[in-house]
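For what it's worth, this note's numbering labels the leading residue of the sequence shown as 11, then goes sequentially.
Virtual Cβ for every residue (Gly too), placed ideally from N, Cα, C.
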Amino acid sequence: MTSTPIPQNKLNPDSERTHWVLLPGNARRQYASLVEKQAQLLSSSEASPYNKLHDVESAKVGVVACGIAYNYVMENCPAKLGIPVLKVSQYPLPEAAIKALAAKCDALLVAEDGQPVVEEQIKALLGADYTVRGRLTGDLPRMGELTPDSVGAALGITTYQSFSAAENVVPRPPALCQGCGHRDVYDALNRVAGEYADARIFGDIGCYTLGALPPFRAIDSCVDMGASITMAKGAADAGVHPAIAVIGDSTFTHSGMTGLLDAVNDNARITIIISDNLTTAMTGGQDSAGTNKFEAICLGLGVDPEHVKVVVPLPKNMEEITRIIREEIEYDGVSVIIPRRECIQTLNRKLRKKRAQE
Numbered sequence: 011m012t013s014t015p016i017p018q019n020k021l022n023p024d025s026e027r028t029h030w031v032l033l034p035g036n037a038r039r040q041y042a043s044l045v046e047k048q049a050q051l052l053s054s055s056e057a058s059p060y061n062k063l064h065d066v067e068s069a070k071v072g073v074v075a076c077g078i079a080y081n082y083v084m085e086n087c088p089a090k091l092g093i094p095v096l097k098v099s100q101y102p103l104p105e106a107a108i109k110a111l112a113a114k115c116d117a118l119l120v121a122e123d124g125q126p127v128v129e130e131q132i133k134a135l136l137g138a139d140y141t142v143r144g145r146l147t148g149d150l151p152r153m154g155e156l157t158p159d160s161v162g163a164a165l166g167i168t169t170y171q172s173f174s175a176a177e178n179v180v181p182r183p184p185a186l187c188q189g190c191g192h193r194d195v196y197d198a199l200n201r202v203a204g205e206y207a208d209a210r211i212f213g214d215i216g217c218y219t220l221g222a223l224p225p226f227r228a229i230d231s232c233v234d235m236g237a238s239i240t241m242a243k244g245a246a247d248a249g250v251h252p253a254i255a256v257i258g259d260s261t262f263t264h265s266g267m268t269g270l271l272d273a274v275n276d277n278a279r280i281t282i283i284i285s286d287n288l289t290t291a292m293t294g295g296q297d298s299a300g301t302n303k304f305e306a307i308c309l310g311l312g313v314d315p316e317h318v319k320v321v322v323p324l325p326k327n328m329e330e331i332t333r334i335i336r337e338e339i340e341y342d343g344v345s346v347i348i349p350r351r352e353c354i355q356t357l358n359r360k361l362r363k364k365r366a367q368e
């Protein structure tokens, strides 16, 4: 923290193009340069003020802590217990500091969230004869996030008694909002998909992924952004019918368009539902780059104009929506259905703002 703002660094672009044009010859030289830098990076890490040691003269157990796990360690007041702690904040690992800490302790506990990467590196550094404890040994939970209590237990500190939730607490699993257009889309999809023995519906990343949960249980997969379309195409190529992709408006503009282009190029027999709620709802209601452009985008990517359909997902339109889904499923090519209705949360915010201004 400084009392005055730090001036912004001046723009200093690298004018050596071979550093950025990674043709094979340049890439080999850049890799050699990276290898040469390792000794300098290690030296910098050893001297870094961000790799901080809270030292004691000697102890049975020392701690190497990274990231948020360091806060959990310090919350347990290891200084009062005579436990030295090395905070690692810069990589590569400060090998000399770790070896010095290990020399005064009988064992090291490695506290890190996520995968036990640092624990594995320290095991390799100190050798099989030295005791390194952590997630791999079961001293800390192998799965899930660490907590102050789990770290304290690994340090041999008695933690506060925890209490389980009462049995009569009603579970509140996540669900699509009441009044959400996605609900009507899944209702229609389930009605039509139920008419086929082997229908597969591939989902994507967004609040509409909740369609995988009760009461709809409508989608069979959700892997990453854009995967719905490419997985549906792969399934169709393997003979699955109907193969349906459900993707949101913002996810489609993020990474769905290339999958659609590929499907069009191969004339895949798939139906793509771009569920358009006119916003990026899951992350706060930001504008979506494709709003009011999806029909043009699909046409530009080569979808037959006769098979780009727009519907309004409302219960009163259920007969029309199910009819269109049936028709497009039977089309021997790529079809796109765009159910369009504003996110109910965004709409409510607009209405509240309007009433406040009146």
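Quick one: is residue 241 buried, meaning 16 or more other Cβ sit within 10 Å of its Cβ, or exposed? By one-based count along the sequence shown, residue 241 stands at place 231. Residue 241 should be labelled buried.
Cβ-based burial, residue 43 [other Cβ within 10 Å; buried from 16] | Position 33 of the sequence shown, counted from the start, is the residue given in the question as residue 43. Classification for residue 43: exposed.
Does the stretch 317-331 come close enough to the stretch 251-269 to have 3 or more Cβ pairs within less than 8 Å?
Segments in contact, no.
Q. Quick one: any contact between the stretch 306-323 and the stretch 333-348, if contact means 3 or more CB pairs under 8 Å?
A. yes
Practice item. Locate the beta strand (DSSP E) running through residue 96, then write down its first and last residues. Key: Along the sequence shown, one-based indexing puts residue 96 at 86. Residues 95-98.
Run of the beta strand (DSSP E) containing residue 349, from where it starts to where it stops: If you number the sequence shown from 1, residue 349 lands on position 339. Here the beta strand (DSSP E) through residue 349 covers 345-349.
### Message
What residue range does the alpha helix (DSSP H) around residue 304 cover?
### Response
As a first step, residue 304 is located in the sequence shown; it is residue number 294 there, counting from the start. Counting along the chain, the alpha helix (DSSP H) containing residue 304 begins and ends at 304-310.
Spell out the partners DSSP gives residue 285 in its beta bridges.
As a working mapping, residue 285 is identified with position 275 in the sequence shown. DSSP, once it has assigned bridges, lists 258 as partnering residue 285.
Practice task
Under the assumption that residue 313 contacts residue 350 (Cβ atoms under 8 Å), give the Cβ distance between them as a whole number of angstroms.
Solution key: Position 303 of the sequence shown, counted from the first residue, corresponds to residue 313. Position 340 of the sequence shown, counted from the first residue, corresponds to residue 350. Actually they do not touch by this definition, with Cβ atoms about 16 Å apart.
Inset, instruction - Jot down the residue ranges of each uninterrupted alpha helix (DSSP H) in the stretch 201-282, minimum 4 residues, whole runs only, in chain order. - result: 237-247 and 267-275
Query raised in the report: Cα-Cα, which of 107, 291 and 41 is closest to residue 191?
Result: Taking the sequence shown and counting its residues from 1, one reaches residue 191 at position 181. When only C-alpha atoms are compared, the closest one is 291.
message = For residue 130, which residues in the same chain have their Cβ closer than 8 Å to its Cβ, ignoring the five residues on either side in sequence?
response = Position 120 of the sequence shown, counted from the first residue, corresponds to residue 130. If we look at residue 130 and ignore the five residues flanking it on each side, its Cβ neighbours are 146.
Along the chain, where does the alpha helix (DSSP H) containing residue 332 start, and where does it finish? The residue given as residue 332 occupies position 322 in the sequence shown. In the DSSP assignment, residue 332 falls within the unbroken alpha helix (DSSP H) covering 328-339.
* **Reference residue 229, options 307, 283, 305 and 263, closest by Cα** => Reading the sequence shown from its first residue, position 219 is the one you call residue 229. Closest by alpha carbon: 283.
Indicate the three-state DSSP secondary structure (helix, strand or coil) for residue 69 in the structure shown. Position 59 of the sequence shown holds residue 69. If DSSP states are grouped into helix, strand and coil, residue 69 belongs with the strands.
Which runs of the alpha helix (DSSP H), 4 residues or longer, sit entirely within the stretch 80-160?
105-113 and 127-136
**Prompt:** Hey, out of 297, 151 and 207, whose CA is closest to residue 79's CA?
**Reply:** As a first step, residue 79 must be located in the sequence shown, where it is residue number 69. Minimum Cα distance to residue 79 is reached at 151.
Practice problem: Tell me whether residue 18 sits in a helix, a strand or coil according to DSSP, three-state version. | Solution: In the sequence shown, the residue the question calls residue 18 occupies position 8. Of the three classes helix, strand and coil, the one that applies to residue 18 here is coil, per DSSP.
Does residue 28 come out as helix, strand or coil in the three-state DSSP assignment? Taking the first residue of the sequence shown as position 1, residue 28 is located at position 18. In this structure, residue 28 counts as helix in the three-state DSSP scheme.
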